[in-house]
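This report concerns only the one structure given below.
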Amino acid sequence: MAIIAHLDLDAFFASCERVRYPDLAGKAIVICIFSGRGEETGAVSTADYAARELGIGAGMPIRQAKHIAESADADVAFLPADKEYYAMVSERVMSIIEEYADDIEVASIDEAYLDLSSSGSYADAVQEMRRLKQEIKADTGVTASTGIGPNKLVAKMASDQDKPDGLTVVTPENVQDFLANLPVRELYGVGPKTAQRLESMNVTVIGDLAETAVQRLIEMFGEAKGVSLHRKANGEGSTELEQREKKQLSRITTLQEDTRSMSDIRPVIRELARDVHRRLRQRDIQYSTVTVIVISSERKTRTRSRTLPAATCSLETMYSTSEILIDEFLSGHPEERLRRVGVRVGNLSNGMQETLDAFG
Ligand code: TTP
Ligand code: MG
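Written out as structure tokens, the structure reads:
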């Protein structure tokens with residue numbers, strides 16, 4: 002049974018600026034792509050939720066957005082887009098997401114699909130996504146809206162239902178109900194023109210579309226599009242993710258309190274290692290580098306690594322190497338207490354199966 006999640010960051014560019022400039026608290030934020038020399042020419046890239054309430058949105062001319070803000074006497078910051086900075090935040094978010102799923106597909110700068118099939122149940126997938134959302138927030142300061150469903154189409158539409166910071170679950174038995182009352186224009190891939198034509202056929206919600214004979218849709222829209230509309234309206238979608246090969250696997254967590262006591266840190270490190278190890282086993286992968294990530298009370302992030310003499314899939318080796326590395330770090334930094342710790346393995350290679358085959 003496939004379980005797919007979709008994650009989309011909320012008002013992404015604006016959220017990045019809010020993290021960088023805490024002084025913007027209390028102001029609405031509009032990100033602008035200036036096209037000319039003037040302060041006024043260009044279009045809105047995104048608006049935060051406060052600015053959206055005023056009626057400002059992506060694609061609107063900057064001049065019009067400023068006019069709206071002035072008329073409403075609202076405190077709105079208009080900032081130029083800084084795509085390099087947003088790309089950096091995006092990379093950080095995607096690397097956290099990678100830690101949670103066997104496969105991910107980065108669909109755009111602020112959205113990704115996750116294959117959570119191996120979590121085994123919707124209940125477990127929900128727990129995973131809750132933890133992921135929290136970790137993204139704690140680590141980068143931005144919030145994400147997420148959806149879980151049996152395929153990419155349903156997951157994506159689910160993640161749109163409760164923004165910002167939402168989590169919407171659509172189990173296979175609820176797909177039909179979930180789609181039935183949504184307007185046809187909310188069906189992913191249906192543009193305003195198609196929506197208008199459907200509405201003129203009295204097909205206003207997706208439930209109507211699902212009940213429309215496929216032959217009729219083919220007559221209206223041609224073979225390919227007619228069939229595709231029919232499938233989508235019935236909640237059918239792909240579960241294939243365009244994968245990126247993983248170069249490393251890691252898990253990081255916050256300690257209950259800042260500490261430098263190995264007896265506090267050891268059980269946490271072991272739990273992280275067990276989780277990393279479980280994911281290695283699932284994919285039959287071996288590792289030959291172990292890295293510990295330590296973030297001190299002052300929020301400084303540092304890593305220490307050790308490369309092993311040979312690739313292994315041993316959990317014991319992961320435990321002992323991580324503990325030695327943490328120990329070394331603490332000895333070298335007698336003043337520091339740790340706030341967060343992580344375990345990462347790298348230099349991944351195909352595992353036991355291949356080795357056994359070679360002997361067979
Ligand atoms: P979106 O995810 O579409 O929008 P968003 O993240 O700002 O808001 P939401 O909470 O509804 O997801 O796009 C991601 C980023 O891409 C967005 O922050 C800015 C950029 N973008 C543009 O520059 N122009 C556009 O027309 C759109 C739609 C997005
Ligand atoms: Mg977004």
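Take any residue in the sequence shown, count from 1 to its spot, add 1: that is its number in the numbering used here.
The C-beta atom is built at its ideal place from N, Cα and C for all residues, glycine as well.
What distance in whole Å lies between the Cβ atoms of residue j and residue i, which are believed to be in contact at a cut-off of 8 Å?
i    : j    : result
A32  : A82  : The question names Ala, but residue 32 in the sequence shown is Ile. About 5 Å; that satisfies the 8 Å criterion.
V363 : R280 : This structure leaves residue 363 out entirely; the chain is present only between 2 and 361.
A145 : L10  : 5 Å
I1   : A15  : This structure leaves residue 1 out entirely; the chain is present only between 2 and 361.
V342 : I266 : 6 Å
L339 : V295 : 5 Å
For residue i, is the classification buried or exposed, using 16 other Cβ atoms within 10 angstroms of its Cβ as the cut-off for buried?
i    : result
A139 : exposed
K157 : buried
D49  : buried
S122 : exposed
Q283 : exposed
R19  : buried
T47  : buried
D163 : exposed
E258 : exposed
G361 : Confidence at G361 is low in this model, with a pLDDT of 37, below 50, so its placement is unreliable and the value that follows should be read with caution. Counting Cβ neighbours within 10 Å, G361 comes out exposed, since fewer than 16 surround it.
H231 : buried
A126 : buried
D178 : exposed
T169 : buried
K233 : buried
R132 : exposed
G227 : buried
Q287 : buried
T147 : buried
L357 : Because the pLDDT at L357 is just 47, under 50, the model does not fix this residue reliably, and the value given afterwards should be weighed accordingly. So L357 ends up on the exposed side.
V346 : buried
A70  : buried
D362 : Look at the range of the chain in this structure, 2 to 361, and you will see that residue 362 is not part of it.
S321 : exposed
T313 : buried
G150 : buried
E85  : exposed
H68  : exposed
A311 : exposed
D104 : buried
A359 : Any reading at A359 needs caution, since the residue's pLDDT is 45, under 50, leaving its predicted position unreliable; the model's value is listed next. Classification of A359: exposed, given that the 10 Å Cβ count is below 16.
M2   : exposed
E317 : exposed
E99  : buried
S36  : exposed
N351 : exposed
L8   : buried
A214 : exposed
M89  : exposed
When you compare each of the options to residue i by their alpha carbons, which one comes out closest?
i    : options                : result
E174 : R261, D166, N152       : N152
Y87  : Y288, V277, D111       : D111
I253 : R232, D276, T260       : D276
R303 : L331, V94, E317        : L331
I325 : A311, L180, M263       : M263
R38  : F14, I30, I63          : I63
A73  : V90, G60, A59, L55     : L55
Q244 : Y114, E85, V90         : Y114
Q216 : V206, S229, S323       : S229
F13  : T141, A66, M319        : T141
E337 : V344, S298, T322, S315 : S298
A108 : V269, V94, T313        : V94
I4   : S118, R53, L183        : S118
L273 : F79, Y101, I30         : Y101
L80  : D328, E41, T255        : E41
A78  : D104, G27, D11, D328   : G27
L349 : Q249, P310, M130       : Q249
P165 : E237, Q65, A51, G352   : A51
P184 : E200, V176, Y22, T172  : E200
Y22  : V143, H68, G238, M202  : V143
E241 : K134, E106, A59        : E106
I270 : D209, D328, L210       : D328
I137 : I97, V171, D104, V155  : I97
E237 : V171, P268, G352       : V171
S289 : S323, K134, T260       : S323
P335 : A6, T260, A124, S91    : T260
K134 : A159, V45, G167        : G167
What residues sit near ligand 1, counting only those whose C-beta is closer than 7 Å to one of its heavy atoms, in chain order?
-> D9, L10, D11, A12, F13, F14, A15, I32, I34, S46, T47, A59, G60, A82, S109, I110, D111, E112, S146, K164, P165
Is the number of C-beta pairs between the region 215 to 224 and the region 178 to 193 that are closer than 8 Å three or more?
-> no
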